[in-house]
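Residue numbers (the UniProt record's numbering), protein chains in the order written: chain P, 1 to 186; chain U, 1 to 307; chain L, 1 to 422. A virtual CB, placed ideally from N, CA and C, is assigned to each residue, including glycine. Predicted model, so just to flag it, every value in this text is computed and none were measured. Reading through the structure tokens given below for one structure.
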Amino acid sequence: MASPRADAPSKIILSESDLHRVVDRIAHQILEKTSGATGTVLLGIPTRGVPLAQRLAARIHAFEGIDVPVGSLDITLYRDDLRLHATRALGKTELPGDGIDGRRVVLVDDVLFSGRTVRAALDALKDEGRPSSVQLAVLVDRGHRELPIRADYVGKNIPTSLDESVRVSLTEIDGLDEVKLTGGDK
Amino acid sequence: MIKHLRSAADLDAPTATLILDTAAEMAALAGREVKKLPTLRGRTVVNLFYEDSTRTRISFEAAAKRLSADVINFSAKGSSVSKGESLKDTALTLQAMGADAVVIRHPASGAPHRLAAWVDGSVVNAGDGTHEHPTQALLDAYTMRSRLGRLDGLRVAIVGDVLHSRVARSNVLLLTTLGAQVTLVGPPTLIPLDVSAALSPSTKVSYDLDSVLPDMDVVMMLRVQTERMQDSYFPSAREYSRRYGLDLARMRKLPEHAIVMHPGPMNRGMEITPEVADSSRSTIVEQVANGVSARMAVLYLLLGGKA
Amino acid sequence: MTSYLLRGVSVLGAPPSDLVLRDGVIAGGATADQVIDAEGLVALPGLVDLHTHLREPGREDAETVETGSRAAALGGYTAVFAMANTSPVADTAGVVEQVWRLGREAGLVDVQPIGAVTVGLAGQQLAELGAMATSAAGVRIFSDDGHCVADPRLMRRALEYVKAFDGIIAQHAEEPRLTEGAQMHEGEVSTRLGLTGWPAVAEEAIIARDVLLAEHVGSRLHVCHVSTAGSVEVLRQAKARGVRVTAEVTPHHLLLTDELAASYDPVYKVNPPLRTASDVHALREALVEGVIDIVATDHAPHAVEDKECEWAYARPGMVGLETALPVVLSVLGERWDLIAERMSRTPARIAGLTGHGTDLSVGSPANLTLVDPSARRVVDPSELASRSRSRNTPYAGTTLPGRIVATFLRGEPTVLDGKAVK
């Protein structure tokens with residue numbers, strides 16, 4: 001993600017309360033589309049996908065009293081752009097105790113952009129086990145796909161230009177809940 | 001990120017910690033059914049071994065292969081430069097083959113430094129003469145951290161032939177960088193005169209193993225070659241093992257939680273008795289497994305990004 | 001024979017004057033066939049090197065008498081002493097005469113062979129020292145340099161035996177049992193680098209023994225390439241007692257330290273090894289005081305493949321003839337009389353070499369060199385005249401003061417405008 005210039009204009013896309021509403025909605029949609037989240041596992045993609053997955057699980061528990069297993073799936077070692085950047089530190093991969101074989105896995109990430117992260121996640125998943133199906137939940141879909149990938153659950157669609165950047169902040173990591181769009185002033 | 005790993009001194013604390021953290025992730029992945037990762041596909045790692053060391057070579061080979069790198073084993077037997085090709089000519093050959101990393105084991109101290117001047121790729125020191133063996137130090141530090149939970153403030157005794165030990169040099173440098181307190185123990189003939197000034201001022205020296213043991217969290221026994229006897233470094237194997245060998249009676253002087261390490265291969269009965277080597281405090285088998293994870297971490301961090 | 005008028009030259013830093021070179025000597029008068037504008041240049045008596053490795057016969061791929069002579073002339077030298085560790089070893093009248101004749105043929109400097117003390121430098125049996133002394137080469141200095149005459153009885157005999165023809169033994173002071181496998185100075189750096197150490201005491205112990213032996217038998221002793229502060233102390237005490245001992249130091253031991261080994265580049269590998277900064281300090285003081293009598297280069301050319309390798313497999317030694325004076329200038333400053341004393345007069349006197357190291361006064365042999373002290377030069381190994389395959393200089397890329405502009409051997413230029421005449 002290109003970091004915007006410090007003086008670039010920025011616009012809040014989702015406020016704290018918007019963000020909470022959106023997470024609630026995705027939690028409801030998952031319950032609907034997975035027949036009450038049976039046989040479902042939520043896997044967050046580090047960094048911000050992990051707390052999002054945990055929040056979704058917490059909301060699902062709050063709504064229906066169901067405990068959905070949550071884990072994290074680091075995709076760094078599967079990226080196709082490693083040689084374009086300085087070496088990246090690895091994130092954590094922690095699968096729920098019962099694993100993912102025969103389960104419905106919902107991958108959770110903050111922003112869906114080119115689709116390459118999701119492709120890497122699918123590759124990583126294949127080496128971890130054999131889920132019965134895989135779905136994708138994202139907080140923001142900003143478009144500009146480079147691969148034939150779409151999300152099953154989208155918090156908010158944000159049309160962007162390529163020189164803009166979407167910044168997701170989550171309390172667990174950044175100290176506040178907010179989604180911002182910055183750059184693109186030319 | 002660093003380009004080469006020639007010495008443990010190439011690593012500052014954040015980088016060393018990053019390698020250990022990465023090794024932990026690699027170790028977690030080692031438990032899966034599919035152990036292979038696509039990360040270094042298309043990269044070439046050459047194992048250039050001028051000394052026989054099947055253990056280290058296999059460890060590096062496994063590490064590179066698990067990351068999907070192409071591995072070329074180049075074993076240059078007969079270490080004398082007068083026989084056969086010079087290191088520089090070999091380096092130019094590897095360069096032409098497009099080696100992205102060269103893992104070198106060599107009987108001459110500093111050979112990795114020379115090699116790094118002649119190849120574009122990364123150079124990883126897999127043991128050079130009596131200089132260093134930095135990946136051994138990394139796997140040792142990883143083993144200590146996973147057994148004892150931390151490195152900062154850890155008290156570590158390294159016992160034996162420090163003078164000729166590349167493992168000792170790398171361990172002193174790395175452990176000190178990571179906040180551990182190292183005490184070198186051995187007969188004065190096998191401890192270099194200026195060792196604290198040379199390696200790290202916080203390093204202590206003792207000639208009395210028994211007095212050191214009660215305060216240690218880790219005791220690392222070094223291999224002592226019996227040939228040293230001919231050079232009058234000590235009078236006899238028997239006297240050596242009486243004064244500096246680790247047996248059950250000595251092991252009982254260690255605190256309850258302390259662990260016993262050995263970089264292998266062991267001289268059972270010389271520096272360590274079989275009962276100690278096979279005890280639950282011994283991490284010797286773990287060290288081997290951790291070696292692959294630590295070397296995967298090193299290869300990933302050297303080769304996993306923009307060159 | 002062309003005569004030369006050096007116009008406005010400063011003899012040893014004195015106010016400018018004119019100097020005429022005619023028929024091989026310094027002449028009076030104010031006219032000559034050719035005038036050289038020497039304004040700003042300093043004239044020194046031609047330098048004399050008591051310690052040069054010319055490698056011929058045997059390793060002509062590294063250096064020959066001719067290429068080494070050219071390097072010497074370019075460095076301001078008019079006489080060099082060729083060490084005996086050639087192949088075959090210069091341990092017979094035949095070999096020393098061959099080297100001496102090759103030097104005459106090259107005609108760039110006076111090449112004076114040094115004879116081996118023991119047959120084949122093996123330290124077992126005296127070489128025919130008398131035959132070498134009475135040969136055409138007229139050998140006066142004997143040395144097993146590269147090896148120490150370690151056997152105390154043999155050393156005693158050698159010291160005594162050469163008294164018959166006013167010879168001198170130049171000892172390479174290195175107790176061999178203390179330096180087995182040694183790669184560099186023993187100290188903090190060697191411990192860090194995992195290279196076997198060469199302890200200072202291995203040099204000091206031999207010097208201490210040899211000054212006592214020389215004192216006992218009343219002979220002259222010369223100590224090659226002194227490298228440690230401890231050796232300086234041993235020499236200081238011996239000289240105070242009146243022992244007839246002289247000593248040399250190399251330019252590299254006056255400037256460089258063991259820290260350079262950290263690169264593992266064998267261009268810094270030399271025997272005795274580079275020592276610590278405090279040793280360098282003590283050597284400089286001793287040179288100024290006169291505890292160390294002279295600077296000698298230990299010019300040691302090696303083929304590229306003997307240096308482009310692992311440190312432990314590399315041969316020890318550095319080339320030094322062309323950089324000696326600039327290094328000494330950088331260490332001593334423009335103390336011209338002191339430089340002439342340490343690099344010309346005293347070495348000639350130790351060797352009993354007539355016609356060199358004399359004052360630049362009318363009637364003296366016209367052996368001299370002209371230096372431009374204001375020039376600074378970045379050392380470029382590819383420009384060195386030492387045989388093209390030997391570029392093992394530790395000063396590559398270093399800026400050094402002083403440029404040798406011209407050298408005259410018996411009134412004939414060997415170097416003009418900084419270039420070798422032949």
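Taking the C-alpha atoms as reference points, what is the distance between residue i and residue j?
i, j, result
"S93 of chain L", "G352 of chain L", "The question names Ser, yet the displayed sequence has Ala at residue 93 of chain L. Cα-Cα distance, rounded: 19 Å."
"V81 of chain U", "A121 of chain P", "Residue placement at V81 of chain U is poorly supported in this model, since its pLDDT is 42, which falls under 50; the coordinates still yield a value, given next. Taking the straight line from one Cα to the other gives about 49 Å."
"S79 of chain U", "R223 of chain U", "The pLDDT assigned to S79 of chain U is 42, lower than 50, so where the model puts this residue is not dependable; a value taken from the coordinates is nonetheless given after this. Whole-angstrom Cα-Cα distance: 22 Å."
"V219 of chain U", "S206 of chain U", "13 Å"
"L299 of chain U", "T87 of chain P", "11 Å"
"P251 of chain L", "A173 of chain L", "18 Å"
"A30 of chain U", "V285 of chain U", "16 Å"
"R284 of chain L", "P326 of chain L", "15 Å"
"V20 of chain L", "D293 of chain L", "31 Å"
"D152 of chain U", "E308 of chain L", "42 Å"
"N367 of chain L", "T346 of chain L", "15 Å"
"V35 of chain L", "R315 of chain L", "45 Å"
"R166 of chain U", "L195 of chain L", "11 Å"
"S69 of chain L", "D120 of chain U", "40 Å"
"P88 of chain L", "A96 of chain U", "41 Å"
"T47 of chain P", "G91 of chain P", "7 Å"
"V379 of chain L", "L37 of chain U", "51 Å"
"D359 of chain L", "R177 of chain L", "45 Å"
"R169 of chain U", "G129 of chain U", "11 Å"
"S280 of chain U", "A205 of chain L", "52 Å"
"F81 of chain L", "L5 of chain L", "30 Å"
"E175 of chain L", "A111 of chain U", "28 Å"
Do residue i and residue j have their CB atoms nearer than 7 Å?
i, j, result
"G333 of chain L", "H299 of chain L", "no"
"T44 of chain U", "D100 of chain U", "yes"
"D110 of chain L", "A73 of chain L", "no"
"L174 of chain U", "A197 of chain U", "no"
"residue 383 of chain U", "A13 of chain U", "Lying outside 1 to 307, the shown extent of chain U, residue 383 of chain U is not represented and no answer is given."
"A158 of chain L", "V117 of chain L", "yes"
"G13 of chain L", "V42 of chain L", "yes"
"V162 of chain L", "L212 of chain L", "no"
"I26 of chain P", "G155 of chain P", "yes"
"L50 of chain L", "V65 of chain L", "no"
"T283 of chain U", "M261 of chain U", "yes"
"T354 of chain L", "L108 of chain L", "no"
"L73 of chain P", "A57 of chain P", "no"
"G317 of chain L", "V270 of chain L", "yes"
"R7 of chain L", "D37 of chain L", "yes"
"G129 of chain P", "D101 of chain P", "yes"
"V162 of chain U", "L184 of chain U", "yes"
Any heavy atom of the ligand COA closer than 6 Å to the Cβ of residue i?
i, result
"D89 of chain U", "This structure simply doesn't include the ligand COA, nor any ligand for that matter."
List the residues of chain U that residue i touches, going by C-beta distances under 8 Å, in chain order.
i, result
"R83 of chain P", "G305, K306, A307"
"S263 of chain L", "H113"
Please list, in chain order, the chain L residues whose beta carbon lies closer than 7 Å to that of residue i.
i, result
"A108 of chain U", "E310, W311, A312, Y313"
Taking 7 Å as the CB-CB cut-off, is residue i touching chain C?
i, result
"T191 of chain L", "Absent here is chain C; the protein component of the structure consists of chains P, U and L."
If the cut is a Cβ gap below 7 Å, which residues of chain U does residue i touch?
i, result
"G187 of chain L", "D194"
Can you list the residues of chain U that residue i reaches, using a CB-CB cut of under 9 Å?
i, result
"R88 of chain P", "G304, G305"
"Y77 of chain L", "Those do not exist, as Y77 of chain L stays about 33 Å from chain U at its closest Cβ, beyond 9 Å."
Run through chain P and tell me which residues come within less than 7 Å of residue i, C-beta to C-beta.
i, result
"V34 of chain U", "D127"
Contact between the stretch 133 to 140 of chain L and the stretch 179 to 196 of chain L (3+ Cβ pairs under 8 Å): Output reads no: the stretch 179 to 196 of chain L does not touch the stretch 133 to 140 of chain L.
Beta strand (DSSP E) segments (min. 3 residues) lying fully within the stretch 43 to 80 of chain U: Counting only runs of 3 or more, we get 44 to 49, 70 to 75.
At least 3 beta-carbon pairs within less than 8 Å: the stretch 1 to 21 of chain U vs the stretch 61 to 80 of chain U: Counting Cβ pairs under 8 Å, fewer than three are found: no touch.
Three or more C-beta pairs below 8 Å linking the stretch 92 to 110 of chain U and the stretch 121 to 129 of chain U: Contact between the stretch 92 to 110 of chain U and the stretch 121 to 129 of chain U is present, because at least three Cβ pairs lie under 8 Å.
The stretch 135 to 150 of chain P contacting the stretch 94 to 109 of chain P, beta-carbon criterion three pairs below 8 Å: When C-beta atoms of the stretch 135 to 150 of chain P are compared with those of the stretch 94 to 109 of chain P, three or more pairs fall below 8 Å, so the two segments count as touching.
3 or more residues per run - each beta strand (DSSP E) lying fully within the UniProt domain "Phosphoribosyltransferase" (18 to 159) of chain P: Fully enclosed beta strand (DSSP E) runs of 3 or longer: 40 to 44, 70 to 72, 104 to 112, 133 to 141, 153 to 157.
The stretch 152 to 164 of chain U contacting the stretch 170 to 183 of chain P, beta-carbon criterion three pairs below 8 Å: With a cut-off of 8 Å on Cβ pairs, the stretch 152 to 164 of chain U is not in contact with the stretch 170 to 183 of chain P, counting fewer than three such pairs.
Beta strand (DSSP E) segments (min. 3 residues) lying fully within the stretch 110 to 157 of chain U: With a minimum length of 3 residues, the continuous beta strand (DSSP E) runs that stay inside the stretch 110 to 157 of chain U are 122 to 128.
Those runs of the beta strand (DSSP E) which lie wholly inside the stretch 224 to 307 of chain U and span at least 3 residues: For the stretch 224 to 307 of chain U, whole beta strand (DSSP E) runs of length 3 or above, ordered along the chain, are 259 to 261.
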